[in-house]
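*Asks:*
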Amino acid sequence: MADFPKILSENWDVENSHTLEVYESHGGYVALKKVLTGDKITPEALREEVKTSGLRGRGGAGFPTGVKWGFVPQNIDKPKYLLVNADESEPGTFKDRFIMDYDPHMMIEGSILSSYAINANDCFIYIRGEYGWLVDRLEEAIEEAYAKGYLGKNILGSGFDCEMIVHKGAGAYICGEETGLINSLEGLKGQPRIKPPFPAVVGFLDCPTIVNNVETVASVPWIVNNGANAYAAIGTEKSTGTKLFSVSGPVKRPGVYEIPLGLPMKELLMGNDYCQGMKDGVELKACIPGGSSVPILNAEETLACNVDYESFAEHGTMLGSGGCIVVGNDANMPELLKNLIQFYHHESCGQCTPCREGTGWLDMILERMLNGEGRPKDLELLDRIGNNMMGTTICVLADAAVMPCQSFIKKFRDEFEALLPDMEEPEDYIPTTSSAELPR
Amino acid sequence: MAKITIDGIEHEFEEGKNLFEACAEANGEKLPHFCYHPGLSIAGVCRMCQVEIEGVPKLVIACNATVRDGMVVHTKNDRVKSTVKNILNFHLLHHPVDCPVCDQAGECSLQDFYMNHGLYDADIDIDDKLAKGKVKPIGELVMLDAERCVLCARCTRFTREVTKTDELGIFHRGNHSEIDVAPGKTLDNNYSLNTVDICPVGALTSRDFRFRKRVWWLETTDSVCPGCSTGCNMTIHHNEGTAYRFKPRENMDVNEYWMCDHGRLLYKDIMTDARQTAPTVGKGDARTDGSWERAYARVLEMAEGKTLAFVGSPHATLEELFALGRLCEVAGGKWIGARLASTEVGEADDLLFSADRTPNGEGLRRLKAGEFSLDELRSAATGDHVLVVLENDLVGLSDSGVLDGFAGVIAIAADANATTEAADVVLPTLKYAEKSGTWINKNGRAQALAPAFVGPAEARDALRIASELAETFGHTFTWTDAAAVLTEIAGTVDGFGALAAGIGPQGVSLDGTPDAPAPSGGEEAQA
């Protein structure tokens with residue numbers, strides 16, 4: 078195991094790690110004091126520091142955080158907002174809940190620092206409704222922070238104000254998409270907004286808004302304390318720092334692991350410090366490395382990858398949210414795919430036609446295939462529908478449905494073909510709505 | 018200005034102009050689209066107007082893009098065509114294709130785009146189509162068919178952004194999404210039929226127009242709404258002498274794209290049972306239909322030894338009021354006025370509906386044709402006066418005895434009413450849909466009427482009646498039609514000079530300034 082500092086998970090197994098007392102005794106709020114009162118780092122300098130660190134958004138897109146902060150126009154007379162995206166709903170992803178459960182103050186300190194960096198005085202934590210108990214935990218922690226003067230007016234006498242509000246979502250996947258989140262927070266239907274304008278310029282209440290993932294903001298205090306260069310020294314050139322990976326599936330020790338980026342997948346899945354290999358009697362068949370929306374890897378590809386943005390891209394997939402779903406050889410790929418597509422069908426917000434109709438259509442075809450009613454050209458049809466959905470919609474939910482669909486079929490085609498009837502579809506096969514079959 | 022290449026041809030547009038509009042101007046036709054509407058916010062959901070912009074990896078929707086200098090845009094290459102075709106396929110996937118029984122057929126965007134971009138066989142079996150609600154009345158005037166809906170969200174944006182009444186919403190998610198009225202609401206605002214206009218498909222249809230006429234039989238004539246002093250520009254849709262519906266006609270200086278339901282349903286009042294179809298002579302039981310000659314002869318008899326007194330109307334055209342005034346002059350008559358003060362007013366709303374419920378109140382004000390009080394009318398009602406009243410139901414607007422004092426009453430009217438009932442002679446005339454003429458809206462915009470169809474055979478244009486009455490009294494008017502009268506008004510009456518060059522389809526401001534009662538973004542809306 079490579080020697081690296083645990084940035085996010087260091088205190089998870091400390092008793093009462095969620096309390097302010099324990100957090101402070103492990104160096105908590107030192108970064109905030111350093112920025113606001115000690116070194117008096119300017120927001121601009123903080124943005125620069127995070128840019129230098131190479132920290133990338135941990136929610137899935139992997140966009141450089143400091144660069145994103147830089148998009149906020151600082152010369153306009155409007156309030157700015159930081160929205161912390163705690164709507165962790167990508168299937169296979171369960172890392173942010175660990176931060177919020179075991180180290181909520183780390184996220185709170187990071188959120189205050191991030192708010193400061195973009196000159197925001199209001200910060201909202203948008204948390205998925207299913208994380209009900211975490212709302213209480215966060216609110217307790219926020220209360221502690223207010224009592225200690227880390228939140229509220231004139232924090233630590235610095236003149237900087239920051240209010241923090243936890244807002245519970247109602248359980249829609251699409252509200253984790255940043256503009257869907259903004260709509261939901263405004264009380265509107267959770268549907269992504271058309272871009273441009275981008276939220277950094279016109280976001281929450283039409284004001285400049287940054288939406289950052291929980292893990293992203295939680296990484297900021299460490300960067301402040303240890304310096305951007307120390308952070309950048311971990312990982313690879315383009316994938317710096319550490320990342321939480323939530324591993325599920327038939328491995329011996331599933332769970333959430335903090336790893337230095339660049340770690341071989343083989344090490345994550347098979348290494349003694351991590352998952353310790355597949356369960357007895359199960360062989361690795363495939364792996365969805367970054368949350369259900371990314372293309373699947375077969376066993377060979379899985380073991381050849383390193384856990385970083387570049388290596389995954391080379392292998393045709395993405396690091397995403399770090400929701401690593403391991404698939405054993407006992408899994409039925411069409412059934413697995415049906416499960417995923419059903420999810421996207423259910424969660425499509427319905428505004429863009431290709432996604433609204435496409436996700437349902439994919440689901441319908443998979444359903445009939447699994448019911449033994451597949452048609453000879455169904456695989457071609459699935460592929461064609463996917464091609465027409467990709468990149469044609471406001472947000473990437475359509476793409477997120479298509480990537481597993483197409484990659485599953487490409488890599489495990491024989492399992493899908495086995496569901497189709499043997500016969501060749503006649504050249505002139507026409508569905509029954511065609512005028513050719515209507516009475517004349 | 019920005020230079021931009023669209024489909025290989027260079028154009029110049031203002032930097033920042035909406036790319037959808039720029040492409041429409043450049044190509045002479047709009048890109049395929051369902052959700053884009055210039056009077057509403059950008060939804061960007063139908064995904065039909067995708068174009069390729071060189072240097073941008075993904076196709077972009079033109080409606081949410083803006084013109085930039087040097088942009089090279091392709092709207093018709095294979096990549097774009099194939100994408101549009103496939104997205105149209107998504108739109109049609111669960112569509113019931115019930116065109117034969119759909120009122121929208123013939124003016125349906127789905128049909129039009131299918132002819133241009135589709136023409137493929139269905140990819141889905143009929144049994145696999147999702148069934149949704151059909152024939153659901155969602156308001157007094159609007160019927161919803163959720164199966165035909167393409168969820169373009171025009172109607173929901175209209176009720177949110179224009180009327181701000183929010184009756185409509187899109188409920189559920191994904192392919193279960195459906196337009197519907199919000200719980201406990203009905204779509205009964207005075208602008209509800211605009212949702213039918215902007216619905217690109219047959220999801221929202223007019224309960225008034227449904228199944229009354231296939232749209233391809235309808236002819237259209239540009240006109241102006243008679244319902245209030247806003248003067249919304251509209252089109253009369255008619256067939257064989259009957260109007261079937263009014264639709265708003267775009268005029269950014271007047272009504273933008275909209276029209277109220279009140280005005281829109283006035284088509285029903287054109288041909289009514291009350292229509293005066295022939296001249297009549299005599300009152301009560303003694304009344305008989307007569308020829309025009311007999312009627313004019315009776316007028317001459319009545320006028321013998323009396324002074325003619327004249328009343329015009331805020332419903333009459335500018336030309337008619339002018340001609341009646343001229344008749345008054347040549348006959349040495351007494352001009353009472355053109356409008357009984359404080360009548361035909363109601364409550365205004367924030368959008369288009371004005372308090373003055375007449376179309377030409379401003380016209381008579383500017384012609385100085387004048388308003389008069391009931392007392393003034395009563396004091397004119399003497400045995401010395403024979404009243405000539407044009408299109409003005411004085412009795413209906415005041416009380417039954419108001420005309421009793423006159424020595425006689427000659428009514429020029431299109432419909433029988435309480436005033437024609439009290440008249441000794443009734444001369445049947447034409448309505449706004451049957452004649453040429455001009456109305457001045459409340460902001461001083463002159464707008465033209467054109468005949469959509471002919472009126473009742475015996476009815477005559479009020480201009481002609483004025484000329485013929487003048488002849489009866491031994492005078493000849495030189496003009497023979499409304500255009501000539503208008504030219505004379507422009508040349509001789511102060512404040513009408515702007516009309517010398519004629520009135521185009523969008524009207525002419527008499528004050529030379531654009532007026533702006535715009536529903537969205539206008540002064541009233543902002544206030």
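Top to bottom, those sequences are chains A and B. Residues in the first sequence are numbered consecutively from 78, following the working numbering. Residues in the second sequence are numbered consecutively from 18, following the working numbering. Positions of the beta carbon are idealized from the N, C-alpha and C atoms, including for glycine. If you're wondering where the values come from, they're calculated on a predicted model, not measured in any experiment.
#1: When the distance is taken between beta carbons, is A303(B) closer than 8 Å to V328(B)?
#2: Nearest-angstrom Cα distance between G387(B) and I21(B)?
#3: Tell me, please, whether the CB atom of E178(B) is closer than 8 Å to any CB atom in chain A?
#4: Among residues of its own chain, excluding the 5 on either side of P516(A), which ones have a beta-carbon nearer than 7 Å to its beta-carbon?
#5: Drop a sphere of 10 angstroms on the beta-carbon of L516(B), count the other beta-carbons inside from all chains shown, and report buried for 16 or more, exposed for fewer.
#6: Ignore the nearest five residues each way along the sequence and tell me which others in R85(B)'s own chain have a CB closer than 7 Å to its CB.
#7: Thinking A222(A) and I185(A) are a contact (beta carbons under 8 Å), I'd like their distance in whole angstroms, please.
#8: Using CA coordinates, which residue listed in M355(A), E457(A), K83(A) is at the minimum distance from R330(A)?
#9: Quick one: using the 10 Å Cβ neighbour count with 16 as the cut-off for buried, is L317(B) buried or exposed?
#10: Name the residue from G437(A), A305(A), E450(A) whose alpha carbon lies nearest to the alpha carbon of K128(A).
#11: Which residues bound the alpha helix (DSSP H) around W309(B)?
#12: Under the three-state reduction of DSSP, which class applies to P376(B): helix, strand or coil?
#13: Could you tell me which whole beta strand (DSSP E) segments of length 3 or greater appear in the stretch 278-308 of chain A?
#14: Tell me the rounded alpha-carbon separation between A218(A) and E71(B).
#15: Which residues in the same chain have their Cβ closer than 6 Å to the Cβ of S192(A), if we skip the five residues on either side of it in sequence?
#16: In this structure, what does DSSP give as the bridge partners for I59(B)?
#17: Just the C-alpha distance for A83(B) and G234(A), rounded to the nearest angstrom, thanks.
#18: Any idea what DSSP makes of R124(A), helix, strand or coil?
#19: Can you find a C-beta in chain B that's less than 8 Å from the C-beta of Q428(A)?
#20: Under 7 Å Cβ to Cβ from I442(A), same chain only, skipping five residues before and after it: list those, please.
#21: In its own chain, which residues sit with a C-beta less than 6 Å from the C-beta of E335(A), not counting the 5 before and 5 after it?
#22: Mind checking who R356(B) pairs with in its DSSP beta bridge?
#23: Name the one or two DSSP bridge partners that F263(B) has.
#24: Kindly confirm or deny that the stretch 407-418 of chain B and the stretch 430-440 of chain B touch, where touching means at least three C-beta pairs closer than 8 Å.
#25: List, in chain order, every chain B residue whose beta-carbon is nearer than 7 Å to that of H182(A).
#26: Residues in the stretch 458-485 of chain A with C-beta within 9 Å of chain B's C-beta atoms, listed in sequence order?
#27: Under 7 Å Cβ to Cβ from D95(B), same chain only, skipping five residues before and after it: list those, please.
#28: Among A376(A), E377(A), S370(A), which one has its Cα closest to the Cα of D476(A)?
#29: Pull up the distance between the alpha-carbon of Y227(A) and that of V243(A), whole angstroms please.
#30: Compute the Euclidean distance between the alpha carbons of V91(A) and C482(A), then round it to the nearest angstrom.
#31: In the stretch 88-116 of chain A, which residues sit with their C-beta less than 7 Å from some C-beta in chain B, listed in chain order?
#32: Is any beta-carbon of chain B found at less than 8 Å from that of L515(A)?
#33: Compute the beta-carbon to beta-carbon distance between A199(B) and E184(B), rounded to the nearest angstrom, for a pair I have assumed lies under 8 Å.
#34: On a CA-only basis, which of F226(B), E273(B), V271(B), G280(B) is nearest G244(B)? Give me that one, please.
#35: Can you find a CB in chain A that lies within less than 8 Å of the CB of H108(B)?
#36: Does any residue of chain A have a CB that is nearer than 8 Å to the CB of R343(B)?
*Replies:* Judging by the given coordinates:
#1: no
#2: 55 Å
#3: no
#4: Any reading at P516(A) is ruled out, since the residue's pLDDT is 40, under 50, leaving its predicted position unreliable.
#5: buried
#6: A19, E32
#7: 5 Å
#8: M355(A)
#9: exposed
#10: A305(A)
#11: 309-320
#12: coil
#13: 286-290
#14: 51 Å
#15: L159, C200, C239
#16: Paired residue(s): none; I59(B) is not in a bridge.
#17: Sequence inspection shows Thr at residue 83(B); the Ala mentioned does not correspond to that position. Straight-line Cα distance between these residues: approximately 47 Å.
#18: helix
#19: yes
#20: D455, L458, L459
#21: K83, L85, S86, T319, L321
#22: E388(B)
#23: I253(B)
#24: yes
#25: Near H182(A) there are no residues of chain B at all, since even the closest Cβ is about 36 Å away, more than 7 Å.
#26: L458, R461, I462, N464, N465, M466, G468, T469, T470, I471
#27: none
#28: S370(A)
#29: 16 Å
#30: 42 Å
#31: none
#32: Confidence in L515(A) is poor, its pLDDT being 40 and thus under 50, which makes the residue's placement unreliable; the coordinate value appears in the next sentence. Closer than 8 Å: no.
#33: 6 Å
#34: G280(B)
#35: yes
#36: no
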